[in-house]
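A short write-up of the structure that comes next.
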Amino acid sequence: MKDNIPYKIYLSEAELPKQWYNVRADMKNKPAPLLNPGTLQPMTAEELGHVFCDELVQQELDNTNAYIDIPEEIRDFYKMYRPAPLVRAYCLEKHLGTPAKIYYKFEGNNTSGSHKLNSAIAQAYYAKGLKGVTTETGAGQWGTALSMACAYLGLDCKVFMVKVSYEQKPFRREVMRTYGANVTPSPSMTTEVGRKILAEHPGTTGSLGCAISEAVEVAVGTEGYRYVLG
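Position one of the sequence shown corresponds to residue 395 (my numbering), numbered consecutively onward.
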């Protein structure tokens with residue numbers, strides 16, 4: 395190794411971040427506000443609170459605080475699979491004949507299979523005190539992450555999975571159920587929007603938008619539940 399860079403670079407648990415960075419605080423041009431689909435006016439915190447957990451609403455609307463403290467319980471959870479090593483892809487560089495230095499993150503200790511657990515555990519944490527949460531998933535990575543987080547925190551988890559993926563990816567479907575989640579192929583006959591879509595498009599294989607709509611409907615219409623976004 396001519397530049398003497400190791401194959402794997404590790405951080406210690408003590409170097410895990412203690413704050414999240416809120417990019418909105420430093421943006422000169424703030425993102426357009428979320429609009430109420432009924433009035434087409436910017437949604438208030440009270441309106442968003444019917445769908446999302448209160449703390450997540452406050453963070454979503456926060457335009458001033460650049461850093462948000464990560465609760466200790468979440469940081470302890472992260473330690474189960476983070477820090478993940480940064481790996482230098484020397485063989486790939488050689489194969490490509492490139493002067494570029496190529497690195498990748500190895501996430502093999504993350505049992506959910508993707509980085510999405512980083513967000514899932516945080517959103518589930520802020521739902522503590524509720525009965526449960528609802529969400530959508532496409533191929534199943536987000537649903538798996540949230541199912542694992544909810545199992546850890548003792549929350550019920552209702553997942554609407556795009557129907558074509560539900561049928562094509564039984565492994566993902568069953569992993570979610572192993573963690574205790576209720577997994578429904580979307581569109582389904584369990585919601586008003588699902589029944590409407592099936593009536594208009596009986597052969598549909600589903601979509602992420604449809605799954606989101608079903609998850610939001612159930613969250614809004616079920617006491618003690620909120621929706622979390624993948």
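Virtual Cβ for every residue (Gly too), placed ideally from N, Cα, C. Remember, predicted model here, so these are calculated numbers, not experimental data.
- Boundaries for Cys485: no beta strand (DSSP E) harbours it, while the alpha helix (DSSP H) harbouring it runs 484-490, taken from the DSSP string.
- Partner residues in the beta bridge of Asn576, as assigned by DSSP, are Lys552.
- Of the residues assessed, Gly523 falls on the exposed side of the cut-off, its CB having fewer than 16 other CB atoms within 10 angstroms.
- In the assembly as shown, Gln517 is a buried residue. Its beta-carbon has 16 or more other beta-carbons within 10 Å.
- In the same chain as Asp420, and ignoring 5 residues on each side of it, the C-beta atoms closer than 7 angstroms to its own belong to Ala460, in chain order.
- For Asp470, the enclosing alpha helix (DSSP H) begins and ends at 466-472.
- Below 8 angstroms, too few C-beta pairs join the region 494-503 and the region 523-533 to call them touching: fewer than three.
- Just so you know, the alpha carbons of Ser607 and Tyr619 end up roughly 15 angstroms apart.
- Cβ neighbours of Gln413 within its own chain (closer than 8 angstroms, five residues either side excluded): Tyr461, Ile462, Asp463, Ile464.
- The beta carbon of Val622 sits closer than 6 angstroms to the beta carbons of Gln517, Val527, Thr529 from its chain, once the five residues preceding and following it are set aside; these are given in chain order.
- The Cβ neighbour count for Val417, taken over all protein chains shown within 10 Å, is under 16; the residue is labelled exposed.
- Each residue's CA atom was taken as its position, placing Thr584 and Cys551 some 16 angstroms apart.
- Here the alpha carbons of Ala575 and Arg566 stand approximately 12 angstroms from one another.
- In the DSSP annotation of this structure, Gln435 is not part of any alpha helix (DSSP H), being labelled neither H nor E.
- Per DSSP, the unbroken beta strand (DSSP E) holding Val527 starts and ends at 526-531.
- In this structure, Phe471 sits away from Ile403, with a CB-CB distance that is not shorter than 9 angstroms.
- Distance from the Cα of Pro581 is smallest, within the candidate group Glu617, Thr572, Leu602, for Leu602.
- In the DSSP assignment, Ile462 falls within the unbroken beta strand (DSSP E) covering 461-463.
- Within the same chain, Gln517, Tyr520 come within 7 angstroms of Leu450 by CB-CB distance, once the 5 residues on both sides are set aside.
- For Lys424, there is no enclosing beta strand (DSSP E), as DSSP gives it neither H nor E.
- Here Glu407 is near Lys473, since their CB atoms are less than 9 angstroms apart.
- In the structure shown, Ile515 falls within a helical segment according to DSSP collapsed to helix, strand and coil.
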